[in-house]
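Here the structure comes first, spelled out in structure tokens, and everything after it is commentary.
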Amino acid sequence: MIEIRKEEQSDSGAIHQLNMAAFDNGPEADLVDKLRNSCKDYLSFVAVEDGSIVGHILFTPVTVDGCSTAGMGLAPMAVLPSYQRKGIGSELERYGLEFLRKAVCPFVIVLGHPEYYPRFGFELASTYQLICQWEGVPDDAFMVVIFDKVALPESGGIVRYLDEFNEAM
């Protein structure tokens, strides 16, 4: 049975290895480490089975130009390859979004697979005139789930991630 819980300090090594495996040695593992060290307002959850971490999801603050309230950006989410396609990513996703909704987070941004994230309530960010800070991002891959529409400016704006993401992009 899978247990979802907040990341503990002792989980960092296992989370690094999980991200290395899930992203084929891509930059995501180092990005998570950098964000953990530089950002005090991150939220990180792990999926645990039989004492082993098999999934991970990270949320860090994002801002929108012209908006005084920050939301959260979802990135990355990873599941060990041998555990993929078993619903663990969906469990992490639902758990994290529900936690943020209850914590009165106004919105969550994701840059991800257009076929995957809408099932969790994500919509095209362009619907709300929200624009990704990086050029060339496909419109259908940049999405938002909004818990408080009043928090976003009606005119939209540029969504900005923490600087650590610039190196990974």
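Counting in the numbering used here, the final residue of the sequence shown is number 171, and the numbers go up one at a time with none missing. Every residue gets a Cβ at the ideal spot worked out from N, C-alpha and C, and that includes glycine.
T65 has its alpha-carbon roughly 6 Å from the corresponding atom of G73. Beyond the five residues adjoining it in sequence on each side, C107 comes within less than 7 Å, by CB distance, of G73, M74, F149 in the same chain, given in chain order.
For V110, the secondary structure class from DSSP, reduced to helix, strand or coil, is strand. Close CB contacts of A127 within its chain, under the 6 Å cut and outside five residues either way in sequence, are with F144, M145, V146 (chain order). Of the candidates S84, N21, E51, N21 places its Cα closest to the Cα of D32. As the crow flies, the alpha-carbon of E100 is around 19 Å from that of L113. Under the three-state reduction of DSSP output, G28 falls in the coil class, being neither helix nor strand. Straight across, the Cα-Cα distance linking V139 with Y130 is about 16 Å. When A105, L132, I160, I4 are compared, the shortest CA-CA separation from I55 is found for I4. When DSSP states are grouped into helix, strand and coil, R103 belongs to the helix group.
A direct Cα-Cα distance of roughly 18 Å separates D141 from D67.
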